[in-house]
Structure formats: C-alpha cells, structure tokens
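Quick notes on the structure that follows.
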Amino acid sequence: MNGQNTQALQATPAAPAAAPPAVVRPPWWTSGRAISAASVVIFLAVWQWVTSAGYVEPIFLASPTAILDVAYDQFFVSREIYPHILVSLTEAFVGFVLAIVAGVLLGLVMGRFDRLRAVFEPFVMALYATPSVALLPLFILWLGIGLWSKVLIVFLGGVFAILVNTMAGVRGANPKLIETAQAFTASEAEVFAYIILPSAMPFIVAGIRLAIGRVLISVFVAELYASNQGVGFVVTQAAASYATALMLMGILLFTLAGVALSQALTLIEDLFFGRFREH
Amino acid sequence: MLSAAPAMDVHNAQIVCKDVSHWFLKSDGTPIQVLDRVSISLEPHSFTSLLGPSGCGKTTLLRVIDGLIRPAVGTVIVGGEAVTGPSANRAMVFQEHNLLPWKTAQENIRFGCKLVGIPASESLRRANEAIALMGLNGFEHHLPSQLSGGMKQRVGIARALSIHPQFLLMDEPFGALDAQTREVLQIELLKIWEADRKTVVFVTHSLDEAILLSDRIVIMGTRPGHIKAVIDVDLPRPRSDDMRADPVWTNLRRHLWQLLKPEMIEVAG
Ligand SMILES: Nc1ncnc2c1ncn2[C@@H]1O[C@H](COP(=O)(O)OP(=O)(O)OP(=O)(O)O)[C@@H](O)[C@H]1O
Ligand SMILES: [Mg+2]
Numbered sequence: 001m002n003g004q005n006t007q008a009l010q011a012t013p014a015a016p017a018a019a020p021p022a023v024v025r026p027p028w029w030t031s032g033r034a035i036s037a038a039s040v041v042i043f044l045a046v047w048q049w050v051t052s053a054g055y056v057e058p059i060f061l062a063s064p065t066a067i068l069d070v071a072y073d074q075f076f077v078s079r080e081i082y083p084h085i086l087v088s089l090t091e092a093f094v095g096f097v098l099a100i101v102a103g104v105l106l107g108l109v110m111g112r113f114d115r116l117r118a119v120f121e122p123f124v125m126a127l128y129a130t131p132s133v134a135l136l137p138l139f140i141l142w143l144g145i146g147l148w149s150k151v152l153i154v155f156l157g158g159v160f161a162i163l164v165n166t167m168a169g170v171r172g173a174n175p176k177l178i179e180t181a182q183a184f185t186a187s188e189a190e191v192f193a194y195i196i197l198p199s200a201m202p203f204i205v206a207g208i209r210l211a212i213g214r215v216l217i218s219v220f221v222a223e224l225y226a227s228n229q230g231v232g233f234v235v236t237q238a239a240a241s242y243a244t245a246l247m248l249m250g251i252l253l254f255t256l257a258g259v260a261l262s263q264a265l266t267l268i269e270d271l272f273f274g275r276f277r278e279h
Numbered sequence: 280m281l282s283a284a285p286a287m288d289v290h291n292a293q294i295v296c297k298d299v300s301h302w303f304l305k306s307d308g309t310p311i312q313v314l315d316r317v318s319i320s321l322e323p324h325s326f327t328s329l330l331g332p333s334g335c336g337k338t339t340l341l342r343v344i345d346g347l348i349r350p351a352v353g354t355v356i357v358g359g360e361a362v363t364g365p366s367a368n369r370a371m372v373f374q375e376h377n378l379l380p381w382k383t384a385q386e387n388i389r390f391g392c393k394l395v396g397i398p399a400s401e402s403l404r405r406a407n408e409a410i411a412l413m414g415l416n417g418f419e420h421h422l423p424s425q426l427s428g429g430m431k432q433r434v435g436i437a438r439a440l441s442i443h444p445q446f447l448l449m450d451e452p453f454g455a456l457d458a459q460t461r462e463v464l465q466i467e468l469l470k471i472w473e474a475d476r477k478t479v480v481f482v483t484h485s486l487d488e489a490i491l492l493s494d495r496i497v498i499m500g501t502r503p504g505h506i507k508a509v510i511d512v513d514l515p516r517p518r519s520d521d522m523r524a525d526p527v528w529t530n531l532r533r534h535l536w537q538l539l540k541p542e543m544i545e546v547a548g
C-alpha cells in the first residue's frame with residue numbers, strides 16, 4: 001500500500017499537467033434540494049391520504065385538494081379574496097415601510113450617540129418586550145377599526161427588532177476602522193457613511209428579516225381581533241363557520257407572504273449588500 | 280481641506296514633540312499615565328525607529344504625532360505647524376492593516392485618497408501607481424479576505440503612500456508577518472524610502488529591523504512611557520541585508536539589547 005503511494009507520487013511530475021482527474025458528481029437525487037422537494041411531496045401525500053381516506057373529520061383538517069378547490073374558487077370564480085388581500089397588503093406594507101425607515105434611522109442615531117441612547121433605551125426595551133398586539137384595544141379606541149390602528153400595530157410589531165439590530169450593528173463597527181478613516185481626515189459624517197453604515201448593514205438586514213414574522217403576526221391578530229376586512233378576517237369568519245379549507249387557505253396566504261418577503265430580502269441582500277457580510 | 284496645508288517646504292519637514300505627557304482612564308475611572316514628558320525632534324527626510332517593550336506607549340506616541348489623540352500636556356509640531364488633528368500631509372500604516380473588508384485592494388487604496396479630497400480620476404491614477412510600486416498587480420480587485428497577510432500589509436502601505444504624504448507613520452507594519460515575508464517587505468520599504476526620503480517614524484519590536492531601516496533609533500522605557508535613549512545608526516546608505524555581519528551592526532545590536540533588556544524584564548516580570 002505504502003509502496004504504491006510512493007510510486008504514484010514519483011510518477012506525478014513526469015506526467016504532463018493535463019486534464020484533472022474526472023470529478024465524480026454525486027447523483028442528483030442526493031442533493032439537498034431534491035431531498036427537500038421529496039420531503040414536501042411525501043408530506044402532502046400523507047396529508048391527502050389521511051384526510052381523504054376519512055381518518056380525520058373534514059371539519060378538523062381539510063385535504064390539500066380541498067384547499068386547492070377553495071383557492072381556485074376564491075381566485076378565479078367568485079374572486080372574493082382580492083379585496084381582502086388588498087386590505088391586508090396595505091396594512092402590512094405601510095406599517096412595514098414605516099417600521100424600516102424609523103427603525104433604521106433611530107437605530108443608527110441611538111447606536112452612535114450614547115446620550116441619545118440613554119434617553120430612549122428604557123422605552124425601546126420596554127416596548128420591545130411588550131407584545132404590541134396587546135395594545136390593540138387602546139389603538140382602536142384612538143384610531144377606530146380602520147387602516148391606521150392596524151398600521152400602528154404592524155409598525156410597533158416590526159420597528160423594535162429593526163431598531164435594536166441596527167443599534168447593535170452600529171455599536172459593533174470596528175473601532176480600528178473608524179480610527180483609520182479618522183487618520184485619513186474623515187469627518188464624523190464620512191465615518192458614518194463609509195464605515196458605520198456598511199458595518200451595520202448585515203445587522204440591519206437581519207433585523208428586517210426578524211421583523212417580517214412579527215409584521216405578519218401583527219396583521220393577522222389585528223384583523224382577527226377587530227376588523228371586517230382582510231385575510232385575517234376571512235380566516236376568522238371561515239373558522240367560525242367551520243369552513244376549514246377556506247381557513248387553511250387564508251393561513252397559507254400568510255405563509256406565502258412570509259416566504260416571499262424573506263426570499264426577496266435574500267435577493268436584495270445578495271444583489272446589493274453581499275460584500276458587507278462578515279468576512 | 281488641502282488648501283489649508285502650507286506650501287511644501289523641505290526644511291519644515293520635521294517632527295517635534297515637546298514635553299508630551301498623556302494619561303488614559305482605566306476601566307475603574309482612575310487615570311494611568313502612558314507618556315511622561317516625551318520630547319523628540321526628528322530631522323527632515325530621516326527614518327526613525329521607536330523601540331520599546333510592549334505597552335510602553337509607542338502606538339500612543341504615534342497617534343499623538345498623527346493627531347488622532349490630543350496629548351493632555353505638551354505640544355506636537357509637524358512641518359512647522361502645531362498638530363490639532365489628522366492631516367493629509369501625514370499618513371499612518373497600522374499594525375493590523377485595518378483594511379475595509381468590503382472594499383477591494385484598489386478601492387481601499389482609493390478610499391484614503393477620497394477622504395483627503397483627491398479627485399476620483401487622480402486617485403485612480405495614484406492607486407494604480409501604488410499597486411505597481413507595492414507589487415500588487417493582479418490583486419487589485421481582491422477583497423482583503425482573499426489576500427495573504429503580506430499582501431494586506433502591502434495594500435495598507437499603498438493606501439498610505441498614495442495620498443503622497445510628507446510624513447509616514449508606521450506602527451509595527453510587519454509585526455504580524457512571517458520572517459521571510461517580513462524581510463522581503465523590509466527591503467522593498469528601504470527601496471521606496473530611498474527614492475524620495477519621506478520623514479518616517481517606524482515602530483518595531485525587532486532590533487535588526489530597526490538597524491536595517493533607520494537613521495536613528497529611539498528607545499522607550501515603560502511605566503510610564505518615556506524616552507530612554509536616542510541612538511544614531513552609523514551605517515552607510517543604501518543599506519542592505521549583507522550589512523548584518525558588519526561590526527557596526529553587531530555592536531549596535533548588542534548595545535540596543537543592553538538598553539532594552541532591563542525594560543523587557545520589568546514588563547515580563
Ligand atoms: N484607549 C485606551 N484606553 C485606555 N488605555 C489605553 C488605551 N490605549 C492604550 N492604552 C494603554 O496605554 C498603554 C500604552 O499603549 P500603547 O498601545 O501605546 O503601547 P505600545 O507601546 O504600542 O504597545 P505594543 O508594543 O504592545 O503595541 C498600554 O498599557 C495600554 O493598555
Ligand atoms: Mg502598539
């Protein structure tokens with residue numbers, strides 16, 4: 001065995017540096033994606049079998065095909081779901097955008113200026129720890145059951161995750177890089193723009209990712225609690241009338257929204273902020 | 280920014296520290312003295328090394344000269360002007376390269392230029408010039424994480440050189456490198472320095488590095504940091520590695536070690 005190895009090593013320099021040895025590709029069905037896809041298919045099949053074979057009452061769990069039927073009706077026949085989607089999307093979008101803008105700006109400022117942080121930190125920490133949906137009754141009292149009480153809840157649900165992460169990113173900026181910029185005569189604004197913001201970028205993106213889940217929960221709970229429109233409202237109504245397939249379809253819409261937002265964020269991060277990731 | 284700098288005057292090109300003392304606050308809030316009445320005067324176009332035990336205040340003194348730290352007591356005059364903050368006529372090379380991890384080698388070099396107000400087209404020209412000078416061709420578009428330690432230091436030096444400073448402050452630039460890379464870079468630095476003889480302050484822990492490069496070696500003592508001795512290096516220029524066997528070199532080395540040894544033992548003990 002050893003002797004063979006030595007021979008092989010000695011033979012190497014003589015051989016022309018030509019083709020590399022053929023790399024054996026593992027079969028496609030052992031890749032992570034293939035396994036994930038198979039896992040989902042099997043899950044759906046078992047679900048379908050358990051429900052359509054009558055092991056579970058349709059009231060408790062609708063089959064995947066029943067959910068598809070309802071979705072087909074909602075999207076292409078009765079078309080009743082669209083106004084609800086529009087309402088939910090508006091609440092989520094306005095609240096989320098406001099949360100991103102305020103969270104990033106406040107996080108940057110609070111991360112950089114210790115005194116300002118000292119002023120606001122107790123409130124931020126208290127509100128971050130408070131389940132913001134618990135404030136909904138109060139906001140309905142202030143703003144009614146229309147759009148703005150929900151926007152406020154969504155905003156509060158998302159903003160602190162973004163703020164706290166942005167602040168951590170700013171404070172984590174490498175002081176040696178800051179000093180380097182200063183040695184090249186950088187002003188405070190230049191230090192901020194060229195060192196602190198890029199350093200905080202991965203944290204800002206992580207905060208936004210964290211906020212996606214909280215925003216969707218806020219939309220759902222707000223519509224569930226007090227509303228006459230929105231996908232959350234559809235889910236509540238369906239549940240009340242034992243329309244389990246419609247209820248599950250509504251919940252799946254939230255799932256889809258969460259996955260889509262998360263993927264979009266990954267895409268944006270790869271396109272624009274990939275370089276700022278920790279090295 | 281640049282317009283405030285005085286017209287280039289060779290005879291102004293010197294560094295003077297007068298009775299510089301400085302204190303830092305310890306974590307419990309009590310002050311601790313790191314520099315004690317440091318006075319030095321460096322000739323125009325001279326290469327000076329700072330030698331001293333770890334923690335004696337070499338980096339602090341360099342930061343004071345650059346203007347990153349205002350000393351509690353004393354004045355620093357560089358090129359005839361009192362130092363009140365960093366300036367485009369001084370450039371620092373840091374011990375740990377301090378490159379921005381999200382910028383390529385070329386972008387890092389241009390970043391320094393941009394901050395001191397050099398226009399984009401000119402900074403590109405200078406960056407490419409520095410890249411060629413420092414042997415970085417082919418690596419301009421690599422991120423620091425894709426560069427070896429020696430390459431990163433080259434980029435750090437290129438970044439400093441490309442703002443065309445009159446004064447170069449180098450804080451153990453080769454300290455983190457392996458012995459071979461270090462010797463290669465020492466020789467390159469010598470060549471670059473011979474070409475235009477900037478006024479250089481160079482911090483090092485290596486006696487041989489100090490002898491090879493310097494006109495003058497400043498030995499610092501510790502607790503608090505002070506100047507212990509100033510020694511001229513009487514070796515002809517241009518210098519080369521072959522001079523290591525020269526009796527001047529070996530005697531100087533022995534002398535330096537005698538001066539440093541008690542300080543080192545104090546720090547270690
Ligand atoms: N920002 C700071 N705050 C408090 N103490 C500091 C600070 N910077 C440096 N010191 C302390 O001041 C002393 C001198 O530090 P300095 O970095 O100047 O030493 P040095 O001679 O460069 O050491 P080394 O050879 O290890 O780089 C050390 O004891 C260090 O712990
Ligand atoms: Mg140091």
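These protein sequence lines map, in sequence, to chains A and B.
Mapping of the first sequence onto this note's numbering: position 85 corresponds to residue 85, and the numbering continues sequentially without gaps.
Quick note: to get this note's numbering, add 279 to the position in the second sequence (first position is 1).
Glycine included, C-beta positions come from ideal geometry on N, C-alpha and C.
Here residue 57/A carries a coil assignment [DSSP, helix/strand/coil]. Proximity of residue 345/B to chain A, defined by a Cβ-Cβ separation below 7 Å, is satisfied.
Residue contact with chain A for residue 391/B: present (Cβ-Cβ distance below 7 Å to some residue of chain A).
At least one C-beta of chain A is nearer than 7 Å to the C-beta of residue 377/B.
Closest in alpha carbon position to residue 313/B, among 476/B, 307/B and 351/B, is 351/B. Within chain B, 394 have C-beta atoms less than 7 Å from the C-beta of residue 190/A, given in sequence order.
Taking a contact as a CB-CB distance under 8 Å, the pair residue 337/B and residue 499/B counts as one, their CB atoms being some 6 Å apart. At least one beta carbon of chain B lies nearer than 7 Å to the beta carbon of residue 276/A. DSSP places residue 320/B inside the beta strand (DSSP E), whose first and last residues are 310-321.
The DSSP-derived three-state label of residue 302/B is strand. Closer than 6 Å to some heavy atom of ligand 2: that does not describe the Cβ of residue 483/B.
For residue 152/A, the enclosing alpha helix (DSSP H) has its first and last residue at 147-171. The Cβ neighbour count for residue 435/B, taken over all protein chains shown within 10 Å, is at least 16; the residue is labelled buried. Just measuring C-alpha positions, the residue of 33/A, 153/A and 173/A sitting nearest residue 202/A is 173/A.
Chain order gives the chain B residues near residue 179/A as 347, where near means a beta carbon separation below 7 Å. Distance from the Cα of residue 463/B is smallest, within the candidate group 429/B, 407/B and 442/B, for 429/B.
Less than 7 Å separates the beta-carbon of residue 496/B from that of residue 328/B. Within the same chain, and ignoring the five residues on either side of residue 295/B in sequence, the residues whose Cβ sits closer than 6 Å to its Cβ are 320 and 356.
Any heavy atom of ligand 1 within less than 5 Å of a residue's beta carbon puts that residue on the list, which reads 303/B, 313/B, 333/B, 334/B, 335/B, 336/B, 337/B, 338/B and 339/B. Take the alpha-carbon of residue 322/B and the one of residue 454/B: they are about 25 Å apart. Just measuring C-alpha positions, the residue of 381/B, 470/B and 506/B sitting nearest residue 516/B is 470/B. Under a 10 Å Cβ-count criterion, residue 488/B is classified as buried, with 16 or more other Cβ atoms of the shown protein chains found around its own Cβ. By DSSP's assignment, residue 361/B forms a beta bridge with 356/B. Out of 50/A, 31/A and 178/A, the CA that lies nearest to the CA of residue 60/A is found in 50/A.
Pairing residue 218/A with residue 157/A gives a Cβ-Cβ distance under 7 Å.
Shown here for residue 161/A: same chain residues with a beta carbon closer than 7 Å to its own, the five before and five after excluded, namely 207, 210, 211 and 214 in chain order.
Interface flag for residue 430/B against chain A is unset, since no Cβ pair is found closer than 7 Å.
Rounded to whole angstroms, the separation of the alpha carbons of residue 383/B and residue 200/A is 19 Å.
When the alpha-carbon of residue 179/A is set against those of 341/B, 316/B and 304/B, the nearest one is in 341/B. Contact check for residue 406/B against residue 441/B passes: the beta carbons are separated by less than 7 Å. For residue 500/B, the enclosing beta strand (DSSP E) begins and ends at 495-500. By the neighbour-count criterion, in which 16 or more other beta carbons inside 10 Å mark a residue as buried, residue 41/A falls on the exposed side. Between the stretch 115-122 of chain A and the stretch 146-154 of chain A, the count of Cβ pairs shorter than 8 Å is below three; the stretches do not touch.
Residue 71/A has its alpha-carbon roughly 15 Å from the corresponding atom of residue 232/A.
Flagged as an interface residue toward chain A: residue 365/B, by a C-beta distance shorter than 7 Å.
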